[in-house]
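Peer 1: Just so you know, we're using my numbering here: the sequence shown kicks off at 403 and counts up by one. Glycine residues also receive a C-beta, built at the ideal position from the N, C-alpha and C atoms. Supplied in C-alpha cells, the structure appears directly below.
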Amino acid sequence: MDEYPIIDLSHLLPAAQGLARLPADERIQRLRADRWIGYPRAVEALNRLEALYAWPNKQRMPNLLLVGPTNNGKSMIVEKFRRTHPASSDADQEHIPVLVVQMPSEPSVIRFYVALLAAMGAPLRPRPRLPEMEQLALASDLEATGPSHPDMDLDARTDVRFRVLGVLR
Numbered sequence: 403m404d405e406y407p408i409i410d411l412s413h414l415l416p417a418a419q420g421l422a423r424l425p426a427d428e429r430i431q432r433l434r435a436d437r438w439i440g441y442p443r444a445v446e447a448l449n450r451l452e453a454l455y456a457w458p459n460k461q462r463m464p465n466l467l468l469v470g471p472t473n474n475g476k477s478m479i480v481e482k483f484r485r486t487h488p489a490s491s492d493a494d495q496e497h498i499p500v501l502v503v504q505m506p507s508e509p510s511v512i513r514f515y516v517a518l519l520a521a522m523g524a525p526l527r528p529r530p531r532l533p534e535m536e537q538l539a540l541a542s543d544l545e546a547t548g549p550s551h552p553d554m555d556l557d558a559r560t561d562v563r564f565r566v567l568g569v570l571r
C-alpha cells in the first residue's frame with residue numbers, strides 16, 4: 403500500500419518528480435523536516451548576522467535583536483545561521499563559531515549561565531549556586547572555544563531580560 407502508481411509527473415519540476423517517487427514513509431519524513439523559507443525579511447536578517455559575524459573584534463561589539471510574533475521564524479533564522487557556521491574540532495579543542503543559547507521561559511541570571519554552559523557542552527553540577535556558575539562560565543574560556551557570535555533566544559519580561567542582558571556586557 404506504500405507504493406502508488408505514478409504515471410505522469412511532467413507538471414512537476416524534475417527535483418519534485420524524484421521526491422514524488424519516493425516511498426510514502428520517506429515523503430512523510432521529508433515533509434516533516436524543517437525547511438528554510440527565504441522570505442525577504444529573513445534573508446535581510448541573515449545578511450545582517452553575516453555582517454556582524456565578519457565584524458572585527460572590538461571592546462563593544464554591535465548586536466542585533468530579532469523581534470517578531472511567535473512562530474514567525476526567528477529561531478529558524480538563528481538555526482540557519484548556526485548551520486552556515488558549523489562547529490569544528492582540533493585534536494585538543496573544539497571551535498564553536500556560533501553559539502546558540504535557548505533560554506528558558508522564566509529566565510534568570512543563573513539559568514542563563516546554565517544554558518550557556520550547556521550549549522558549550524560544559525559539565526554541570528546539580529543545584530549550582532550563582533557564584534559557582536559565574537566562575538565556571540568565566541573559567542570555561544569562551545575565547546578558547548571561539549564563539550565569535552553568541553546567539554540567544556530570550557523571551558522574557560523586560561525587567562528580567564535587562565538583568566540577563568546586563569550579564570552579557
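#1: Go ahead and pull the three-state DSSP assignment for residue 516.
#2: So, helix, strand or coil for residue 504, using DSSP?
#3: Have a look at 415, 428, 409 and 436 and flag the residue whose alpha-carbon is nearest the alpha-carbon of residue 574.
#4: Identify the residues that DSSP records as bridge partners of residue 491: which are they?
#5: In terms of residues, what are the limits of the alpha helix (DSSP H) holding residue 462?
#6: Within the same chain, show all residues whose beta-carbon is closer than 7 angstroms to that of residue 521, passing over the 5 residues directly before and after it, in chain order.
#7: Between which two residues does the alpha helix (DSSP H) harbouring residue 435 extend?
#8: Less than 8 angstroms between the beta carbons of residue 468 and residue 453, yes or no?
#9: Let me know the secondary structure DSSP gives residue 486 once reduced to three states.
#10: Looking only at C-alpha atoms, which of 509, 508, 540 and 499 sits nearest to residue 519?
#11: Give the secondary structure of residue 538 by DSSP, where H, G and I count as helix, E and B as strand, and everything else as coil.
#12: Can you grab the Cα-Cα spacing for the pair residue 429 / residue 416, in whole Å?
#13: Kindly list the residues whose CB is nearer than 7 angstroms to the CB of residue 466, restricted to its own chain and excluding five residues on each side of it in sequence; keep chain order.
Peer 2: Taking the structure as given:
#1: helix
#2: strand
#3: Residue 574 lies beyond the range of the chain shown here (403 to 571); nothing can be said about it.
#4: 496
#5: That residue, residue 462, is in no alpha helix (DSSP H); it is neither H nor E in DSSP.
#6: 501, 502 and 503
#7: Annotation for residue 435: no alpha helix (DSSP H) segment contains it, and DSSP assigns it neither H nor E.
#8: no
#9: helix
#10: 540
#11: Residue 538 falls in the helix class under three-state DSSP.
#12: 16 angstroms
#13: 450, 451 and 454
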